[in-house]
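Take the working numbering: the final residue in the sequence shown is number 285, and no numbers are missing along the way.
C-beta atoms are modelled at their ideal positions from N, C-alpha and C, and glycine is treated no differently.
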Amino acid sequence: MMRRSLIAGNWKMNGDRAMTAQWCARVARELGREYAADGVGKVAAAGGVADAGGAYFANANDDDAAEIAVCPPHILISAAVDALAGSCVGVGAQDLDANESGAFTGQTSARMLADGGCRYVIVGHSERRALYHESDQSAAQKAHTARAAGLCAILCVGETRAERDAGDTEKVLARQLDAFLDALCGDAPGYSAAPAGVVAYEPVWAIGSGRAATPQQAQAAHHFLRARIAARDARVAAQCRILYGGSVSGGNAAELLAQPDIDGALVGGASLKADDFLAICGAAS
Ligand code: PEP
Numbered sequence: 001m002m003r004r005s006l007i008a009g010n011w012k013m014n015g016d017r018a019m020t021a022q023w024c025a026r027v028a029r030e031l032g033r034e035y036a037a038d039g040v041g042k043v044a045a046a047g048g049v050a051d052a053g054g055a056y057f058a059n060a061n062d063d064d065a066a067e068i069a070v071c072p073p074h075i076l077i078s079a080a081v082d083a084l085a086g087s088c089v090g091v092g093a094q095d096l097d098a099n100e101s102g103a104f105t106g107q108t109s110a111r112m113l114a115d116g117g118c119r120y121v122i123v124g125h126s127e128r129r130a131l132y133h134e135s136d137q138s139a140a141q142k143a144h145t146a147r148a149a150g151l152c153a154i155l156c157v158g159e160t161r162a163e164r165d166a167g168d169t170e171k172v173l174a175r176q177l178d179a180f181l182d183a184l185c186g187d188a189p190g191y192s193a194a195p196a197g198v199v200a201y202e203p204v205w206a207i208g209s210g211r212a213a214t215p216q217q218a219q220a221a222h223h224f225l226r227a228r229i230a231a232r233d234a235r236v237a238a239q240c241r242i243l244y245g246g247s248v249s250g251g252n253a254a255e256l257l258a259q260p261d262i263d264g265a266l267v268g269g270a271s272l273k274a275d276d277f278l279a280i281c282g283a284a285s
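Below, the structure is given as C-alpha cells:
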C-alpha cells in the first residue's frame, strides 16, 4: 500500500518569534496555501510561486505529495500556528505530559496542544530519554494520551553507538517499540480507532553528528520495526509510517527516502533553515 511521506522538523530548543515568522512565511509561500479537504497538510498547487524553489513542488497537486509538519518549542507554537494558518504545513509539539490536567507545574497536556492548533507531538525523543529520564513506558503513555486527544504521536526509537556495537540494535528497538504497541494495541481494535501513530527510527549516534545512517542501515532497522508491528497487526504495519531521523540533509534525503520502508524524515538541525528544510521536502515529493 502507498504510505504518504511525512517530513517533520524538530527545532528542539531553538528559534524565536522573528525566526518563526520568517521561516513560516517562507515555507508557506513555497509549499502553497491550501488545505486538503481532509485537513491533512497536503501540498497544493504552488500558484504564484515565481522563484526557483517552486520547482520543488512542480507536481504539487499529486496525491503523492508529502505531508509536512514543524515542531517548534512550546512558546512558539501559537506564533507558528497563526503564521501557517491556511497553509499545508501542520504544527506539532516536541513533548507533552501524559496527565490530563492538574498540579503538574511547567507541563503541557495533550488537550492543550490540540486546542492550541497542534496536530502532531513527538514522544520519547532520545534527548528526553537521556537528559530527562524518559522511560519506554512514559513515552508510550504519552503517545496513548496524545492519540486519545486526536494528535498524531511520533514515537522516537533508536539505539546508541554502544548498543549498536554490542549487536543490541534490534533488542533495543524491540523494547522501545513494544511498550508503544502494548499501550496502543492492547486488544488490537483500539489501535485502529485512534489517529494513526508514526514511528521515527533515530539512531542516537547519527543525531546531530552530521553523519546519517547509510540507507542500508536505516532500511534494515525500518524493516525490523515494520515486521514487529506486523506481528501484532499486519494492517497497521502496512499503514504505519516509519520516519528516519539523524542528520538528514538536502544532500542525503533522496537516497534515504528511496528505501522501501522509509516513509519520511524527522529533521533536527536542517529544519532550522527554511531553505534546507524545503530541499528535504522536495526530495520527498
Ligand atoms: C533529531 O534530534 O530528531 C534529529 C533528527 O536531529 P538531527 O537532524 O540534527 O540529527
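- Taking non-hydrogen atoms of the ligand PEP into account, the C-beta of residue 127 is found less than 8 Å away from one of them.
- According to the DSSP assignment, residue 241 belongs to the beta strand (DSSP E) that extends over 241 to 245.
- Under the three-state reduction of DSSP output, residue 84 falls in the coil class, being neither helix nor strand.
- Residue 97 is positioned such that its CB atom lies closer than 9 Å to that of residue 109.
- Taking a C-beta distance under 9 Å as the contact criterion, residue 90 and residue 69 qualify as a contact pair.
- Comparing alpha carbon positions, the residue from 265, 270, 17 closest to residue 156 is 265.
- Remark: the C-beta of residue 156 is in contact range of the ligand PEP, defined as less than 8 Å to any heavy atom.
- Between the beta-carbon of residue 205 and that of residue 175 there is about 18 Å, and that puts the pair past the 8 Å contact cut.
- DSSP, reduced to helix, strand and coil, places residue 118 outside both helices and strands of the structure shown, so it counts as coil.
- Taken through DSSP and simplified to helix, strand or coil, residue 154 comes out as strand.
- Excluding residues up to 5 positions away in sequence, 259, 260, 261, 262 lie with their Cβ nearer than 8 Å to the Cβ of residue 219 in the same chain.
- Less than 9 Å divides the Cβ of residue 94 from the Cβ of residue 121.
- When rounded, the separation of the alpha-carbon atoms in residue 209 and residue 248 is 10 Å.
- With a cutoff of 9 Å on beta-carbon distance, residue 145 and residue 76 are scored as not near each other.
- When C-alpha distances from residue 139 are compared across 225, 9, 126, the shortest belongs to 126.
- Counting the other Cβ atoms within 10 Å of the Cβ of residue 103 gives fewer than 16, which makes it exposed.
- Contact check for residue 245 against residue 202 passes: the beta carbons are separated by less than 9 Å.
- Assignment of residue 90 by DSSP, reduced to helix, strand and coil, places it in the strand class.
- Looking at 2, 82, 26, the one whose alpha-carbon comes closest to that of residue 278 is 26.
- Going by beta carbons, residue 199 and residue 7 fall outside the 9 Å limit.
- In the three-state scheme derived from DSSP, where H, G and I count as helix and E and B as strand, residue 274 is classed as helix.
- Closest in C-alpha terms to residue 169, from the list 111, 276, 217, 137, comes 217.
- Judged by the Cβ position, residue 167 fails to qualify as a neighbour of the ligand PEP at the 8 Å threshold, every heavy atom of the ligand being at least this far.
- Under the DSSP assignment, residue 265 falls in the beta strand (DSSP E) whose first and last residues are 264 to 267.
- Here residue 92 is not near residue 147, since their CB atoms are 9 Å or more apart.
- In the DSSP assignment, residue 7 falls within the unbroken beta strand (DSSP E) covering 6 to 10.
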